[in-house]
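Novice:
In my numbering, the protein residues as written are 1 to 113.
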């Protein structure tokens, strides 16, 4: 059986976790489109918290393309996840969004998620 990878303090590292030479940690993962992404942390505990958030977002179908997602795209993703809305409520939300935000500058603004 192969030996587990460990950091400088003797803690076992999980798949995708790496310790850098400066003592910080990074986690490598693939986003929904198959692109390699990295997150960095000063300690292993905060890195593992970030990993949990990333896993939860990927399972929920939320993209981690921070800084590249517009408010209009976020609204569409949110509406796709809301399955408990009545048809008339969904229609009203979409109509109000279209009339007030979608065509405006704020709807096209890119936001980090």
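Even glycine gets a Cβ: it sits at the ideal position worked out from N, Cα and C.
Straight-line CA distance for residue 51 to residue 10?
Specialist: 20 Å
Novice: Alpha carbon to alpha carbon, how far is residue 82 from residue 89? Give it in angstroms, no decimals.
Specialist: 11 Å
Novice: Enumerate in chain order the residues of its own chain whose CB-to-CB distance from residue 93 is below 6 Å, with the five nearest sequence positions on each side excluded.
Specialist: none
Novice: When burial is assigned at 16 or more other CB atoms within 10 Å of the CB, is residue 38 buried or exposed?
Specialist: exposed
Novice: For residue 58, which option in 4, 7, 71 and 77 has the closest C-alpha, if you only look at C-alpha atoms?
Specialist: That would be 77, whose Cα lies nearest to the Cα of residue 58.
Novice: Rounded C-beta distance between residue 70 and residue 35? I'm assuming under 8 Å.
Specialist: With 8 Å as the limit, residue 70 and residue 35 do not qualify as a contact, their Cβ atoms being about 18 Å apart.
Novice: Under a Cβ-count criterion, where at least 16 other Cβ atoms within 10 Å of its own Cβ denotes burial, should residue 25 be classed as buried or exposed?
Specialist: buried
Novice: What is the DSSP secondary structure of residue 15, counted as helix, strand or coil?
Specialist: coil
Novice: CB residue 30 to CB residue 16, shorter than 7 Å?
Specialist: no
Novice: Per DSSP, which one or two residues make a beta bridge with residue 75?
Specialist: DSSP links residue 75 through a beta bridge to no other residue.
Novice: Just confirm the distance between the C-beta atoms of residue 108 and residue 72, as a whole number of angstroms; I'd bet it's less than 8 Å.
Specialist: With a contact defined as Cβ atoms closer than 8 Å, residue 108 and residue 72 qualify at about 7 Å.
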